[in-house]
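Notes to accompany the following structure.
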Amino acid sequence: LLFSAAIVFHQSAANALNSFYNFANGDAMPAIGLGTWKSEPNRVKQAVKTAIELGYRHIDCAAVYGNEKEVGEAIAECIAENIVERKELWITSKLWNDSHEPEHVMPALKQTLADLQLDYLDLYLIHWPVALKHGVGFPESLDSMLSIEEDGGQAPISGTWKEMEKAVDEGVVRHIGVSNFSAKKLRTLIGLARIAPEVNQIERHPYLQQKELAAFAKKHGIHITNYSSLGSGDRPEGLKAKDEPVLLEDPIITSIAAKVGATPAGVLLKWGLAEGASVIPKSVNADRLKQNLSIDETVQLSEEDLEKIRDMDLKRRYVDGSFWCLEGSPYTLENLWDEQDAVARGGDEL
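With positions in the sequence shown counted from 1, the corresponding number in my numbering is that position plus 78.
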């Protein structure tokens with residue numbers, strides 16, 4: 079087993095661009111990146127270009143977001159205009175669920191590279207521990223769903239992962255990881271991997287702190303990237319619950335923000351950094367892009383502030399994965415998140 083994810087956080091209070099995570103091979107991932115999920119078509123290109131001009135060097139993408147061509151145009155223009163060099167950028171993308179079968183992994187990756195106009199990715203993630211038949215975006219019937227179980231599944235993770243490892247071997251991906259994986263699934267993957275996962279991108283914010291999973295990841299040298307750090311209030315209506323809590327309006331967050339002279343968003347993002355994660359907030363607004371990039375130097379939280387936020391955990395998911403859980407499918411909320419497994423083992427035994 080090759081562990082290449084000995085990750086160390088380096089931080090400079092003077093410059094947010096000096097906050098990054100070092101990988102064992104010397105690569106460095108900026109701690110603050112630009113997310114592109116939900117970025118509007120015809121606006122994401124300018125947002126990415128503006129972000130790079132402002133100093134962003136970490137861009138988080140995915141095939142399923144449907145905007146990688148626009149992102150690629152922005153990156154290509156910034157390189158052509160000498161705003162940035164390719165080697166200065168950290169570009170992440172993700173393998174969608176319909177390409178888990180081994181014969182589809184490399185073609186999906188090559189399409190992403192073509193769309194992004196890149197020769198390689200810095201990080202490639204398995205987007206969900208869920209597999210679909212090739213060509214299916216989201217399941218509408220049971221016959222479109224495949225099991226990822228190692229024992230008898232139609233698309234076991236081991237087969238997918240071998241292709242991810244092959245991408246590293248061929249130099250078209252520098253690092254590989256996963257998204258939305260529980261500690262149980264990470265444990266299984268580590269046990270069968272030649273190249274261990276280096277990153278797990280998960281929903282994480284004060285209402286869903288995932289402390290046991292974060293502890294497991296730290297123990298095994300797996301870096302955590304937080305998504306939905308601000309509560310994902312702009313996600314599709316179909317993913318929202320009635321009367322759900324609005325994280326940006328939580329009185330604890332707003333009171334801390336008022337005390338330290340920051341926005342609620344700034345407090346939430348700084349909490350993520352303080353917890354050792356990287357954060358990838360989305361914005362197409364130039365002023366907010368600038369604010370988000372500067373939070374490491376402009377927002378200061380005391381240990382008392384951090385403790386108040388740590389007490390906010392509701393284990394409340396905004397993206398709960400129920401859209402994978404058709405009745406009779408291989409996926410249920412219980413086996414998707416494996417939360418009972420974590421409780422049974424206890425944080426120290428992960």
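Even for Gly, the Cβ is constructed at its ideal location relative to N, Cα and C.
* **Cβ-based burial, Phe259 [other Cβ within 10 Å; buried from 16]** => By the 16-neighbour rule on beta-carbons within 10 angstroms, Phe259 is buried.
* To do: Please work out which residues of its chain come closer than 6 angstroms, Cβ to Cβ, to Trp415, disregarding the five sequence neighbours upstream and downstream, and give them in chain order.
  => Taken in chain order, the residues that qualify are Ser260.
* Asked: Touch check for the stretch 140–157 and the stretch 287–297: three-plus C-beta pairs under 8 angstroms?
  -> No, the stretch 140–157 is not in contact with the stretch 287–297.
* To do: Take Thr303 and list the residues in its own chain whose beta-carbon comes closer than 7 angstroms to its own, dropping the five residues that flank it on each side.
  => Taken in chain order, the residues that qualify are Val277, Gln279, Ala355, Ser356, Ile358.
* Please state if the CB of Ser257 and the CB of Lys172 are separated by a distance shorter than 8 angstroms. => Yes. Within cutoff.
* If you draw a straight line from the C-alpha of Glu382 to the C-alpha of Asp176, how long is it? -> Straight-line Cα distance between these residues: approximately 45 angstroms.
* Exposed or buried, Lys320, counting other C-beta atoms within 10 Å across all chains shown (16 or more means buried)? -> Exposed.
* Could you pull the start and end residues of the beta strand (DSSP E) that Gln279 belongs to? => Membership of Gln279 in the beta strand (DSSP E) is indicated by the continuous run 277–281.
* Asked: Going along the chain, which residues of its own chain have a beta-carbon closer than 6 angstroms to the beta-carbon of Asn370, five neighbours each way excluded?
  -> Only Pro359 meet the Cβ criterion.
* Would you please state the rounded distance, in angstroms, between the beta carbons of Val397 and Ser310? I believe it to be under 8 angstroms. => Right, their Cβ atoms sit about 7 angstroms apart.
* **Terminal residues of the beta strand (DSSP E) in which Trp168 lies** => For Trp168, the enclosing beta strand (DSSP E) starts and ends at 168–173.
* Hey, which unbroken runs of the alpha helix (DSSP H) at 4 residues or more fall wholly within the stretch 233–287? -> Counting only runs of 4 or more, we get 235–247, 261–270.
* Nearest-angstrom Cβ-Cβ length linking Ala245 and Met184, presumed shorter than 8 angstroms -> The C-beta separation of Ala245 from Met184 comes to about 7 angstroms, placing the pair in contact by the 8 angstroms criterion.
* Give the single residue among Asp138, Tyr198, Asn100, Lys318 whose Cα lies nearest to the Cα of Ser361. => The candidate whose alpha carbon is nearest that of Ser361 is Asp138.
* To do: Within its chain, find whatever has a CB closer than 6 angstroms to the CB of Leu224; leave out the 5 residues flanking it on each side and keep chain order.
  => Closer than 6 angstroms at the Cβ level, and outside the excluded window around Leu224, lie Ala209, Gln232, Ala233.
* Whole beta strand (DSSP E) elements within the stretch 339–400, 3-residue minimum -> Listed in chain order, nothing qualifies, since the stretch 339–400 has no complete beta strand (DSSP E) run of 3 or more residues.
* **First through last residue of the alpha helix (DSSP H) which encompasses Phe294** => First-last of the alpha helix (DSSP H) with Phe294: 289–297.
* Helix, strand or coil: how does DSSP classify Trp415 here? -> In the three-state reduction of the DSSP assignment, Trp415 falls in the helix class.
* Identify, in the order they occur along the chain, each residue of the same chain with its Cβ nearer than 6 angstroms to the Cβ of Ala106, setting aside the five sequence neighbours on each side. => Taking Ala106 as the centre and dropping the five residues before and after it, the same chain places the C-beta of Phe98, Asn100 closer than 6 angstroms to its C-beta, in chain order.
* How do the stretch 340–348 and the stretch 323–330 stand: do at least 3 beta-carbon pairs fall below 8 angstroms, yes or no? -> Below 8 angstroms, enough C-beta pairs join the stretch 340–348 and the stretch 323–330 to call them touching: three or more.
* Beta-carbon proximity of Glu243 to Arg272, cut-off 8 angstroms -> Going by C-beta atoms, Glu243 is nearer than 8 angstroms to Arg272.
* Where Gly230 falls, given that 16 or more other Cβ within 10 Å makes a residue buried -> Label assigned to Gly230: exposed.
* Nonlocal neighbours in the same chain, by C-beta distance under 8 angstroms from Glu148, ignoring five residues either side -> Answer for Glu148: Pro119, Asn120, Val122, Lys123, Val126, listed in chain order.
* Asked: According to DSSP, what are the bridge partners of Thr303?
  -> In the DSSP secondary-structure assignment, Thr303 is bridged to Gln279, Ser356.
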